[in-house]
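Residue numbers (the numbering used here): 288 to 496.
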């Protein structure tokens, strides 16, 4: 595990230097996953407050807070779906209630920014690049291309490492069907899809992995 974590860390830092603004969203995303997972395992009264504080700060420092909103919604939906069948290993109902309160608080708190809900629309429209979809400028941002396209243009072999890491994670998920957690699987699949389509999102997938 330690060796694999080291590989992920090196690949992460190679692709996303820590002086770039999206680092704030990577930190926020990692903290959000930690808080949600902790609430899932052990409900605590301060959980909703911590999630709300995190989303408030995140929404005021970087447009990537939309990723946090999507993660909260996915998390709540996936954990709720587990109650449909015992084989999905649903969490305790009190834990799910704590998740619902924390998720609702986080979504509401993310609107506490100068642009309120307009900030979300702007972030989604620009794709966190600062440019509208289809802008000529996007053609010069190779990390906005898919991983195969980025590799073909730049011959950047870190993209080959990306594909290997994706394969390792996929193999880990399918190799233990009886222990499959649908929340984890959906997070990995969703972030993996966006990372494959746009190489700039590979660090987000690595955080999930």
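The beta-carbon is built from N, C-alpha and C at its ideal position, and this holds for glycine as well.
The structure displayed is predicted, hence computed values, not measured ones.
- Query: To which residues of the same chain is residue 377 closer than 6 Å at the C-beta, ignoring the five residues directly before and after it?
  - Reply: Result list for residue 377: 369, 370, in chain order.
- Just the C-alpha distance for residue 437 and residue 479, rounded to the nearest angstrom, thanks. Each residue's alpha carbon lies about 16 Å from the other.
- Task: Indicate the three-state DSSP secondary structure (helix, strand or coil) for residue 351 in the structure shown.
- Result: In the structure shown, residue 351 falls within a coil segment according to DSSP collapsed to helix, strand and coil.
- Query: Leaving out the 5 sequence neighbours to the left and right, which residues in its chain are closer than 7 Å to residue 400 when beta-carbon positions are compared?
  - Reply: Cβ-Cβ distances below 7 Å link residue 400 to 346, 347, 406 in the same chain, with the five nearest sequence neighbours on each side left out; the list follows chain order.
- Query: If you scan the region 308-357 from start to end, which runs of the alpha helix (DSSP H) of 4 or more residues do you find wholly inside it?
  - Reply: Taken in chain order, the complete alpha helix (DSSP H) segments of 4 or more residues contained in the region 308-357 are 310-328, 334-346.
- Query: Does the Cβ of residue 290 have 16 or more other Cβ atoms within 10 Å, making it buried, or fewer, making it exposed?
  - Reply: Exposed, by the Cβ-count rule.
- Inter-stretch contact (C-beta, 8 Å, three-pair minimum) for the region 485-492 and the region 301-320: Verdict: yes, contact present.
- Item | Rounded C-alpha distance that separates residue 339 from residue 316 | Between residue 339 and residue 316, the C-alpha separation is close to 13 Å.
- Item | Exposed unless 16 or more other CB atoms sit within 10 angstroms - verdict on residue 362 | Taking all protein chains shown into account, residue 362 has 16 or more neighbouring C-beta atoms within 10 Å of its C-beta and is therefore buried.
- Message: Just to confirm the assignment, what range does the alpha helix (DSSP H) spanning residue 445 have?
- Response: Segment 445-461, the alpha helix (DSSP H) holding residue 445.
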